[in-house]
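Heads up, the sequence shown is in this note's numbering, so the first residue is 109 and it goes up one at a time. Beta carbons are placed, not taken as given, at the ideal position from N, Cα and C, and that holds for glycine. Bear in mind the structure is a predicted one, so any value in this text is a computation, not a measurement. Worksheet for the structure shown next.
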Amino acid sequence: MSPVGTPGQLPEVVRGLLDQWVAGLAQVVESMADQKPENHWQPGAAPAADQDLLWWEQPFQLGPAMRLWVATPHPTWEYAGTLTLKAAGLETVETAEARNTWLEILGQSLSGLALAIGGVLSREVACEAGTERAPDAMPEMAASVTLSFGETTLVPLWIGFSAPLISVICSPAAGQPEAAPEDAGGEPHTVKRNDMPPTMELLLDVELPVSISFGKTEILMKDVLKLTTGSIVELNRGVNEPVEVLVNHCLIARGEVVVVEGNYGVRIQQIVNRQDRLRSIR
Numbered sequence: 109m110s111p112v113g114t115p116g117q118l119p120e121v122v123r124g125l126l127d128q129w130v131a132g133l134a135q136v137v138e139s140m141a142d143q144k145p146e147n148h149w150q151p152g153a154a155p156a157a158d159q160d161l162l163w164w165e166q167p168f169q170l171g172p173a174m175r176l177w178v179a180t181p182h183p184t185w186e187y188a189g190t191l192t193l194k195a196a197g198l199e200t201v202e203t204a205e206a207r208n209t210w211l212e213i214l215g216q217s218l219s220g221l222a223l224a225i226g227g228v229l230s231r232e233v234a235c236e237a238g239t240e241r242a243p244d245a246m247p248e249m250a251a252s253v254t255l256s257f258g259e260t261t262l263v264p265l266w267i268g269f270s271a272p273l274i275s276v277i278c279s280p281a282a283g284q285p286e287a288a289p290e291d292a293g294g295e296p297h298t299v300k301r302n303d304m305p306p307t308m309e310l311l312l313d314v315e316l317p318v319s320i321s322f323g324k325t326e327i328l329m330k331d332v333l334k335l336t337t338g339s340i341v342e343l344n345r346g347v348n349e350p351v352e353v354l355v356n357h358c359l360i361a362r363g364e365v366v367v368v369e370g371n372y373g374v375r376i377q378q379i380v381n382r383q384d385r386l387r388s389i390r
């Protein structure tokens, strides 16, 4: 049974972060499902204890207990995940596939929320590895989020913030590392900040090779020697299947070929999950 608690009044800075997260969630869904849902949120409204919920606990690299939770009702994640996979060309979608796709959508949106929190604190904030787990007690600072696709309104999902995370967000100075007291020798301890090093900032301007894979095949050496002008090489990808977007030979997305001002382009339909990315590394 899910924990139940009493919601609290959301501070203005938290409301602003919720605005950004909900808008970002809708953008992620649109980029993957080719449909942008209408969205709105409201404070409080804890999920019902008898709902079939998919819980996600997301910690942040800010210290112990700096985390939040998202609870998504089964009909909501199944609808959104199925919609996304069908937009990518799948005719039939297994429940497990829809579930994993929703977690990928959720993960991308929470990464955006981490950046927004970092903007509030004027420091780098990133997500740590999350897990499927409900809170021991329902956080007081919470909100429900409703997504609608045309006339279809999904069952609201829920997001709740831990008290320590709210404290840091509302008091940015509390999120900064504190200097350690001097030791017996009078020498102060050096505290390393979690800010992005200058060398990392330089890496952001590095250009990466991006290529598109339409398919591949293997042919015998004797057949290679027979290739000439007009020869046709059949690939292992159907004309209706999505192409693959590769960065440094690593698969990151799939999409469809489009024409942009006379040039070929790719409309992203699916961001691949971490397992697929690792399997694609050469």
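Flag this pair as yes or no: are the beta carbons of P145 and L335 separated by less than 9 Å?
No, they are not a contact pair.
Just curious, the beta strand (DSSP E) that L354 is in, first and last residue?
Residues V351 to V355.
Are the Cβ atoms of S321 and E342 separated by less than 9 Å?
Not closer than 9 Å, so no.
Which class does L162 belong to by DSSP, given the choice of helix, strand or coil?
If DSSP states are grouped into helix, strand and coil, L162 belongs with the strands.
Would you identify the three-state DSSP class for N381, choosing helix, strand or coil?
If DSSP states are grouped into helix, strand and coil, N381 belongs with coil.
Starting from the Cα of I379, find the closest Cα among N371, G370 and R362 and give me that residue.
Among N371, G370 and R362, the Cα nearest to that of I379 is on R362.
Leaving aside the five residues before and after P155 along the sequence, list all residues of the same chain whose C-beta is less than 7 Å from its C-beta, in chain order.
The answer, listed in chain order, is S110, L161, A179 and W266.
Nearest to N356 by CA position, among R375, V314 and N344, is which residue?
Looking at the Cα atoms, V314 is the closest of the given residues.
Do T260 and W149 have their C-beta atoms within less than 9 Å of each other?
Against a cut-off of 9 Å, the Cβ pair of W149 and T260 comes out as no contact.
Distance check for N381 and I340, CA to CA, integer angstroms please.
For I340 and N381, the distance between alpha carbons rounds to 33 Å.
Whose CA, out of A206, V374, R375 and L125, lies closest to the CA of M249?
Measuring from the Cα of M249, the nearest candidate turns out to be L125.
What residue ranges within the stretch 244-274 form continuous beta strand (DSSP E) runs of no fewer than 3 residues, ordered along the chain?
Here the runs fully enclosed are 249-257 and 265-269.
Near L118, what residues of its chain come up, given a Cβ to Cβ distance below 8 Å and the 5 sequence neighbours on each side ignored?
If we look at L118 and ignore the five residues flanking it on each side, its Cβ neighbours are L126, P151, M249 and A251.
K194 to V365, Cα distance in whole Å?
Each residue's alpha carbon lies about 17 Å from the other.
Contact defined as beta carbons within less than 8 Å: I believe T190 pairs with A206. What is the distance between those atoms, to the nearest angstrom?
Yes, they are in contact, since the Cβ atoms of T190 and A206 sit about 5 Å apart, within 8 Å.
Within a Cβ cutoff of 6 Å, which residues of the same chain sit near W177, ignoring the five residues on either side of it in sequence?
Closer than 6 Å at Cβ, skipping near neighbours: E165, P243 and G268.
For a quick check, are the C-beta atoms of P272 and G171 less than 9 Å apart?
The answer is yes: Cβ separation under 9 Å.
Straight-line CA distance for A245 to L218?
Rounded to whole angstroms, A245 to L218 spans 21 Å at the Cα level.
Within the 9 Å Cβ cut-off, does Q216 reach chain D?
Absent here is chain D; the protein component of the structure consists of one chain.
How about C235 and A224: do their beta carbons lie closer than 9 Å?
Not a contact, by the Cβ cut-off of 9 Å.
Who are the Cβ neighbours of P350 in its own chain at under 8 Å, not counting the five residues just before and after it?
Here the set comprises A196, G197, R362, G363, E364, Q377 and Q378.
Does DSSP classify L359 as helix, strand or coil?
DSSP places L359 in strand when its eight states are reduced to three.
Are the CB atoms of W129 and G220 within a distance shorter than 9 Å?
It is a contact, given that the beta carbons lie within the stated cut-off.
Would you list the one or two residues that DSSP bridges to I376?
BP columns for I376 point to G363.
So for A224, helix, strand or coil by DSSP?
Three-state result, A224: helix.
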